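Everything below concerns the one structure shown next.
Residue numbers (our numbering): 23 to 163.
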């Protein structure tokens, strides 16, 4: 299965290590993570050579072919919110992960959504996060 993983990029890279842990976990479970670049440690200004249009077109292609999404929403990001809304409109399952200590900063447009395609879960540590991910993906098979 193909997963679209997303997390803040231009909105801050403080969670990049968490993103890497999530991507590595998903890959270890046999999922194709189309957006591994989100977890990479690189300088956005220097290392991303794509134009805005190229990035948009590629991300839309990935979103269209994804079976589901996992979004780390502990940091606010316009792009992540856009991607969540895009996939929700296509009725694809979305798991939003948020650190428990950041719960009050999570977007109410995401946490308050009761349409049934978005699942929001809070975690305190890696083990808890892995358990949440594993339980979510079991519901997809």
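We treat Cβ as the ideally placed atom computed from N, Cα and C, and that holds for glycine. As the structure is a prediction and not an experimental result, all values here were calculated from the model.
Coarse secondary structure for residue i, derived from DSSP in three states
i           : result
residue 86  : helix
residue 24  : strand
residue 52  : coil
residue 43  : helix
residue 163 : coil
residue 63  : coil
residue 71  : coil
Per-residue burial, residue i [other beta carbons within 10 Å of its own, 16 or more giving buried]
i           : result
residue 57  : buried
residue 74  : exposed
residue 78  : exposed
residue 24  : exposed
residue 130 : exposed
residue 82  : exposed
residue 28  : buried
residue 99  : buried
residue 149 : exposed
residue 163 : exposed
residue 36  : exposed
residue 153 : exposed
residue 49  : exposed
residue 76  : exposed
According to DSSP, residues forming a beta bridge with residue i
i           : result
residue 141 : 117
residue 94  : 29, 119
Residue range of the unbroken alpha helix (DSSP H) whose run includes residue i
i           : result
residue 158 : 148-160
residue 33  : Counting along the chain, residue 33 falls outside any alpha helix (DSSP H), and DSSP gives it neither H nor E.
residue 105 : 100-111
residue 168 : Absent from the structure is residue 168, since the part of the chain shown begins at 23 and ends at 163.
CB contact below 9 Å: residue i versus chain B
i           : result
residue 128 : No chain B is present in this structure, which holds just one protein chain.
request  = Check whether the stretch 114-129 touches the stretch 146-159, taking contact to mean three or more Cβ pairs, one atom from each stretch, closer than 8 Å.
outcome  = Yes, they touch.
inquiry  = For the stretch 125-143 against the stretch 49-56, do three or more pairs of beta-carbon atoms, one drawn from each stretch, fall closer than 8 Å, so that the two count as touching?
reply    = Verdict: no, contact absent.
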